[in-house]
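Written below as structure tokens is the structure these notes are about.
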């Protein structure tokens, strides 16, 4: 019985290790900049962009070939001297706003940003009126 418990613990540790290390394996060493500042800039941009293949995952975490292509595109644009805003605008123009993990505030998506606050406010007033009108014992 103790052997089974020990083997389960070992399996858990191995699985935990691979889950912890797997995001670091998404970027191949050939993609990385030799300059740490440029690499950090490329990684910060990669975290902001959505992988079109594995949606709701950034291209920094994805192993998909499209994500690797987008990471290489970001690195090429950084080498050509483009700013972060220019790179994000380029990706957004090419793939749409869906490519951004954090969409920009715009009049088109204002209800998406404001609706949660309005619902919380409406819930507050509903609860307030409910407790005010509740019979007191």
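Numbering (mature numbering (1 follows the signal peptide of the UniProt record, and there is no 0)), first residue to last: -26 to -1, 1 to 111. Ideal Cβ positions, reconstructed from N, Cα and C, are used throughout, including at glycine. Keep in mind it's a predicted model, so treat the numbers as computed, not measured.
Query: Sequence ranges, alpha helix (DSSP H) only - wholly within the stretch 33 to 75, length at least 4; Result: 39 to 53 and 58 to 69
Query: Contact belief for residue 19 with residue 48 at Cβ below 8 Å, rounded distance in angstroms; Result: 5 Å
Query: Buried or exposed (CB count within 10 angstroms, at least 16 for buried), residue 116; Result: Residue 116 is absent from the structure shown; the chain starts at -26 and stops at 111.
Query: Residue -16 versus residue 25 - alpha carbon distance; Result: 30 Å
Query: Distance CB(residue 112)-CB(residue 75) smaller than 9 Å; Result: The first residue shown for the chain is -26 and the last is 111, placing residue 112 beyond what the model contains.
Query: Residues near residue 44 in its chain [Cβ-Cβ closer than 6 Å; skip 5 each side]; Result: 33
Query: Contact check, residue 86 vs residue 22, beta carbons under 9 Å; Result: no
Query: First and last residue of the uninterrupted alpha helix (DSSP H) at residue 24; Result: Where residue 24 is concerned, there is no enclosing alpha helix (DSSP H), given that its DSSP letter is neither H nor E.
Query: For residue 102, three-class secondary structure by DSSP; Result: helix
Query: 9 Å Cβ cutoff met for residue 38 and residue 28; Result: yes
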